[in-house]
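J.:
2 protein chains.
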Amino acid sequence: MENQEIQITYTTTEKPKPNAESLEFGKIFTDHMFIMDYSLEDGWHSPRILPYQPITLDPAAIVFHYGQTVFEGLKAYKTKDGHVRLFRPNKNMERLNRSNRRLCIPEIDEEFALQAIRELVRLEKDWIPTAPGTSLYIRPFIISTEPYLGVAPSKRYQFIIILSPVGAYYKEGINPVKIAVEQTFVRAVNGGTGEAKTAGNYASSLKAQELVAEKGYAQVLWLDGVEKKYIEEVGSMNMFFKVDGEVITPSLNGSILEGVTRNSVITLLQHWGIPVIEKKISIDEIYQAYKDGLLEEAFGTGTAAVISPVGELSWNGEKLAINGGKIGEVSQRLYDTLTGIQYGTKEDTFNWIIEVS
Amino acid sequence: MENQEIQITYTTTEKPKPNAESLEFGKIFTDHMFIMDYSLEDGWHSPRILPYQPITLDPAAIVFHYGQTVFEGLKAYKTKDGHVRLFRPNKNMERLNRSNRRLCIPEIDEEFALQAIRELVRLEKDWIPTAPGTSLYIRPFIISTEPYLGVAPSKRYQFIIILSPVGAYYKEGINPVKIAVEQTFVRAVNGGTGEAKTAGNYASSLKAQELVAEKGYAQVLWLDGVEKKYIEEVGSMNMFFKVDGEVITPSLNGSILEGVTRNSVITLLQHWGIPVIEKKISIDEIYQAYKDGLLEEAFGTGTAAVISPVGELSWNGEKLAINGGKIGEVSQRLYDTLTGIQYGTKEDTFNWIIEVS
């Protein structure tokens, strides 16, 4: 696989680059995309970069009916001096293969997939916005393409990478969000697909999200599917709390996603000597900490927001105001450090950065 | 919606009809398909029948990433005198809308969707095989087509119907299958999407299915996601047991699919005066019934097999042989009656049949 050459077909009609000020998330795509095919006979083959174009599939393709698909999300950042950098992309490739195993999708060569990302990003480097907080979002994904209505793993797949320039997550400083603890719907359960990055997890989350949005909440905080008692994730981010000087986060229990930002946050906190513990956390424990005046900070972690502080938690009809609705000290330090490493203004102590160009 | 006319574009190159003897499930498709579009501005619009052809979508289409999709499955049967019949298709359309509501997909007009099915099947009536047990499988499905990587309901959809001639499920008489009780993986949990017919439920089932197949089992029997104790479904069928003269089936608890065949079986049993009870059924209860010599029959129900008798159940390392591995009396009677109604050799007592032509 490593020796396969990526064929490139250049676009003949370059699209206009968007205005960095008005950039949203995931709506505009660059001039090119990467595709690679899988068949039982040839394995993963024919890696190529093509002009960004529609995918053409048989209406019976398995992805439309049985959702056998996985994806990843990461970003390319441009430094002030024009260097293009990726943040721990090897972690995303490892997770893509973990998702593949859960979904019965043939594994990819992680080194080669990373090479494909770098080659595509290099080609599209002029699409990477440079305004503060902006970046190029990278979406690798695999879809099952065999036309067959039987419920069985597909015999054919496509691995595709598309790129989208995205605006700053926080356009006017970091605003803590209001989160509602979800007590009816469940995102995932042990034995399900919760720790895989696959379509069904997101489809099932839409309804809960829609209902809390009507009440003015930005996201839901998911509880476990068994007892509806233990904290899992918030929206599509991992969740952290700072309680009485100690940072706690739900342990990887099989139903939550192993976030790259989550892992980086834990590493940073350990490095700083701030106690950080991965454990089973009940919503009651958080409520009690709040009542005792010990709930100091709460924040989500993910590729899009990096750190998303939670200013209010709604649970059982009560509204828990956290840190006066303002971002906490540790949250701010984590945000500054992670984005500093990503954009090259802070030292990359842990060798997290991979240069593209 | 009812007054919208379905535009028809006929194919200019008819495909050869397959040999009825060699027909498999869901691999061959007819000459035409139905499509209808949805947008926020126009609602569901532009219903049309086109030559069967690939779907062209932006690679960022939501269905590829977040699996916002629902589907249905039903069959058209041809009687000896050439009539074409559908079995309770209104139930499928009702369920499609229930699935739509769970997945935040705009509801369709059920009457119009049924009209579309009838018009498409009528056009393709020569594709309906006539050998015993064969039929034309109908797959209506909805996919989210908006190109957007944010996790939110799509603003655009396509409702598509494709048709596939399928062979007899039982080519050499009804062979009871071996089923393994699944003790690791979970199909669905209360608060999830288990009662919706949506892609993610099927994607998550592939791994368990793959592992039991290696041990010679045809399907898995799913237990509930909370206690891993209560019976949910078998593979993609509903499950029934006959214990000491009484038929029992798991009640609709929010995480199992409300099968049309399941409902029909309950109706028939009640009509025949055979006790049938919907209730929470633990695997221990079934095991105890087996030990006491009271487990008389076990069978799955679904559109593909109609009735699928279970001859062996594997649980906790034990193999429970049911009715000597042969089909039971009630299972056989249900199969004969349901297929008799479908193919027009038995009276349609409950007005379940809708004529196409």
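So the protein sequences, as listed, match chains A and B. 1 is the number of the first residue of the first sequence in UniProt numbering; add one for each residue after it. 1 is the number of the first residue of the second sequence in UniProt numbering; add one for each residue after it. The beta-carbon is built from N, C-alpha and C at its ideal position, and this holds for glycine as well.
When Cβ atoms are compared, which residues of the region 145-156 of chain A fall closer than 8 Å to chain B?
T.: Cβ contacts with chain B come from P147, Y148, L149, G150, V151, A152 and P153.
J.: At a CB-CB cut-off below 7 Å, which residues of chain A make contact with B:R102?
T.: Per Cβ cutoff of 7 Å: K207.
J.: Going by the CB atoms, is the gap between B:L123 and B:I354 shorter than 9 Å?
T.: Not a contact, by the Cβ cut-off of 9 Å.
J.: Suppose you measure from the CA of residue 417 of chain B to the CA of B:T79; what does that come to, to the nearest Å?
T.: There is simply no residue 417 of chain B to check, as chain B begins at 1 and stops at 357 in what is shown.
J.: With DSSP collapsed to three states, give me the class of B:D81.
T.: Coil.
J.: Could you name the residues that DSSP lists as bridge partners for B:M239?
T.: In the DSSP output, where bridge partners are listed per residue, B:M239 has B:G300.
J.: Spell out whether any CB of chain B is found under 9 Å from the CB atom of A:N92.
T.: False, the Cβ-Cβ gap to chain B never drops below 9 Å.
J.: Does any residue of chain B bring its CB to less than 9 Å from the CB of A:M239?
T.: Chain B, which has no Cβ nearer than 9 Å to the Cβ of A:M239, makes this no.
J.: What do you get for A:S164, buried or exposed, if any count of 16 or more other CB atoms within 10 angstroms of its CB means buried?
T.: Buried, since its Cβ has 16 or more Cβ neighbours within 10 Å.
J.: Hey, how far is the Cα of B:S154 from the Cα of A:A218?
T.: So the two alpha carbons sit approximately 18 Å from each other.
J.: Counting only beta-carbon separations shorter than 9 Å, does B:F29 have a partner in chain A?
T.: Yes - at least one Cβ of chain A is within 9 Å of the one on B:F29.
J.: Rank B:L268, B:F112 and B:E312 by C-alpha distance to the C-alpha of residue 388 of chain B and give the top, closest one.
T.: Because chain B is modelled from 1 through 357, residue 388 of chain B falls outside the range shown and cannot be assessed.
J.: Applying a beta-carbon distance threshold of less than 9 Å, which residues of chain B neighbour A:L57?
T.: The answer, in chain order, is P54, I55, T56 and L57.
J.: Taking only the alpha-carbon atoms, compute the straight-line gap between B:A76 and B:R262 and give it to the nearest angstrom.
T.: Cα to Cα, B:A76 sits roughly 18 Å from B:R262.
J.: Answer yes or no: do B:G225 and B:A199 have a C-beta to C-beta separation smaller than 9 Å?
T.: In this structure, B:A199 does not lie closer than 9 Å to B:G225 by Cβ.
J.: Going by DSSP in three states, B:E318 sits in which element: helix, strand or coil?
T.: B:E318 falls in the strand class under three-state DSSP.
J.: Cβ of A:N316 within 8 Å of any heavy atom in the ligand FAD?
T.: Here there are no bound small molecules, and the ligand FAD is not part of this structure.
J.: Following the continuous beta strand (DSSP E) through B:P47, name the residue where it begins and the one where it ends.
T.: From DSSP, the beta strand (DSSP E) with B:P47 extends over G43 to P51.
J.: Residues of chain B with CB under 9 Å from A:F159, in chain order?
T.: Chain B residues near A:F159: none, gap ~11 Å exceeds 9 Å.
J.: Name the two residues that bound the continuous alpha helix (DSSP H) containing B:W272.
T.: Per DSSP, B:W272 belongs to the alpha helix (DSSP H) from V260 to W272.
J.: Indicate whether B:Y294 and B:V356 have their beta-carbon atoms separated by less than 9 Å.
T.: Per the sequence shown, residue 294 of chain B should be read as Leu rather than Tyr. In this structure, B:V356 does not lie closer than 9 Å to B:L294 by Cβ.
J.: Can you name the residues of chain A whose CB is closer than 9 Å to the CB of B:E210?
T.: Chain A residues near B:E210: C104, A152 and P153.
J.: So, with DSSP's three-state summary, where would you put A:R95?
T.: DSSP places A:R95 in helix when its eight states are reduced to three.
J.: Evaluate B:H271 with the Cβ neighbour count: other Cβ atoms within 10 Å of its Cβ, from every protein chain shown; 16 or more gives buried, anything less gives exposed.
T.: Burial call: exposed.
J.: With a threshold of 9 Å between beta carbons, is A:V247 in contact with chain B?
T.: No, its Cβ sits nowhere closer than 9 Å to a Cβ of chain B.
J.: Taking C-alpha atoms, which residue in B:Q342, B:R101, B:Y157 and B:L23 lies nearest to B:S264?
T.: Out of B:Q342, B:R101, B:Y157 and B:L23, B:Q342 has the C-alpha closest to the C-alpha of B:S264.
J.: Is there a C-beta anywhere in chain A that falls below 9 Å from the one on B:V63?
T.: Closer than 9 Å: yes.
J.: Please report the residue range of the alpha helix (DSSP H) in which B:T337 lies.
T.: It spans E329 to Y343 - the alpha helix (DSSP H) in which B:T337 sits, taken as one unbroken run.
J.: Given a threshold of 16 other Cβ atoms within 10 Å of its Cβ, counted over all protein chains shown, does B:G317 qualify as buried or as exposed?
T.: It is exposed - the Cβ of B:G317 has fewer than 16 other Cβ atoms within 10 Å.
J.: According to DSSP, B:A180 sits in a beta bridge with which residue or residues?
T.: According to DSSP, which records beta bridges pairwise, B:A180 is partnered with B:V220 and B:S314.
J.: Could you list which residues in chain B have their beta carbon closer than 9 Å to that of A:R262, in chain order?
T.: Correct list: empty, because the minimum Cβ distance to chain B is about 18 Å.
J.: Can the beta-carbon of B:I105 be found less than 9 Å from the beta-carbon of B:S144?
T.: Yes, Cβ-Cβ distance for B:I105 and B:S144 is below 9 Å.
J.: Below 8 Å on the Cβ atoms is my contact criterion, and I expect B:H65 with A:F71 to pass it. Report the Cβ-Cβ distance as a whole number of Å.
T.: 6 Å between Cβ atoms; contact.
J.: Quickly, what does DSSP pair A:R139 with across the bridge? List them, please.
T.: Partner(s): A:I162.
J.: Of all Cβ atoms in chain A, is any one closer than 9 Å to the Cβ of B:N175?
T.: No, B:N175 does not count as interfacial toward chain A.
J.: For B:E21 and B:I28, what's the separation of their Cα atoms in angstroms?
T.: Cα to Cα, the separation comes out at about 13 Å.
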